[in-house]
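**Q**
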Amino acid sequence: MFQSTFKDKISTEDTANPQPPSVQVTVGGERFEAIQGSYCWNDNGKGVCVDMASYDELVSKQKVHPKAISGDRVELEFSYAPKEIEVMASFPREERPDETLSVDKNSYQLAAGSGRHLYIIHARWPQGSASYVFEVECSVSKK
Numbered sequence: 033m034f035q036s037t038f039k040d041k042i043s044t045e046d047t048a049n050p051q052p053p054s055v056q057v058t059v060g061g062e063r064f065e066a067i068q069g070s071y072c073w074n075d076n077g078k079g080v081c082v083d084m085a086s087y088d089e090l091v092s093k094q095k096v097h098p099k100a101i102s103g104d105r106v107e108l109e110f111s112y113a114p115k116e117i118e119v120m121a122s123f124p125r126e127e128r129p130d131e132t133l134s135v136d137k138n139s140y141q142l143a144a145g146s147g148r149h150l151y152i153i154h155a156r157w158p159q160g161s162a163s164y165v166f167e168v169e170c171s172v173s174k175k
């Protein structure tokens, strides 16, 4: 309840609050916007830090649910290019450690293995930093 009220309050003030860029993801023939997570952002002399729900909760808002083959390329397109990008793959419901993925020119390969993979993006700009998340259902071969 509090989160909903808090979120409603933020959405009515979005024009006054500085916010980080959005990021479009292309994977498995689908293009969609990653879900924005927590961020700290400074713009025009105003700064704000916002904590969001867990990545698992955030990804429940994802409208497009791509299916892809492990090893497929993921393309990230930011509305304003970051100075640094880190991507981590997380494997809910699996006893498997998170993996840091190698990013080259806003692109990386999906992690190995089948199942539900969460991809967590941490990006940094001179104005601040932000996290984003999205989910991909991966398989090891075409069906």
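Note that the sequence shown covers residues 33 to 175 in the working numbering. All C-beta atoms in this analysis are idealised placements derived from N, C-alpha and C, irrespective of residue type, glycine included. Nothing here was measured: the structure is a model prediction, and the numbers come from that model.
Give me the residue from P52, K115 and K93 with the minimum Cα distance to D136.
**A** Ranking P52, K115 and K93 by Cα distance to D136 puts K115 first.
**Q** Which one of K93, K78, Q94 and S70 has the shortest CA to CA distance from M84?
**A** Ranking K93, K78, Q94 and S70 by Cα distance to M84 puts S70 first.
**Q** DSSP state of D88, grouped into three classes?
**A** Helix at D88.
**Q** If we require 4 or more residues per run, which alpha helix (DSSP H) segments fall completely within the region 65-146?
**A** List check, alpha helix (DSSP H) in window: 87-91.
**Q** What does a CB cutoff of less than 6 angstroms around N49 pick up in its chain, not counting 5 residues either side in sequence?
**A** Answer for N49: V80, listed in chain order.
**Q** Could you tell me how far apart the beta carbons of V165 and V91 are, in whole angstroms, since I believe they sit closer than 8 angstroms?
**A** With 8 angstroms as the limit, V165 and V91 qualify as a contact, their Cβ atoms being about 5 angstroms apart.
**Q** Should A162 be labelled buried (16 or more other beta-carbon atoms within 10 Å of its own) or exposed?
**A** A162 is buried by the Cβ-count criterion.
**Q** Tell me the rounded alpha-carbon separation between S122 and S173.
**A** Approximately 20 angstroms, taken between the alpha carbons.
**Q** How long is the line joining the alpha carbons of S134 and I117, rounded to whole angstroms?
**A** Going from the Cα of S134 to the Cα of I117 covers about 10 angstroms.
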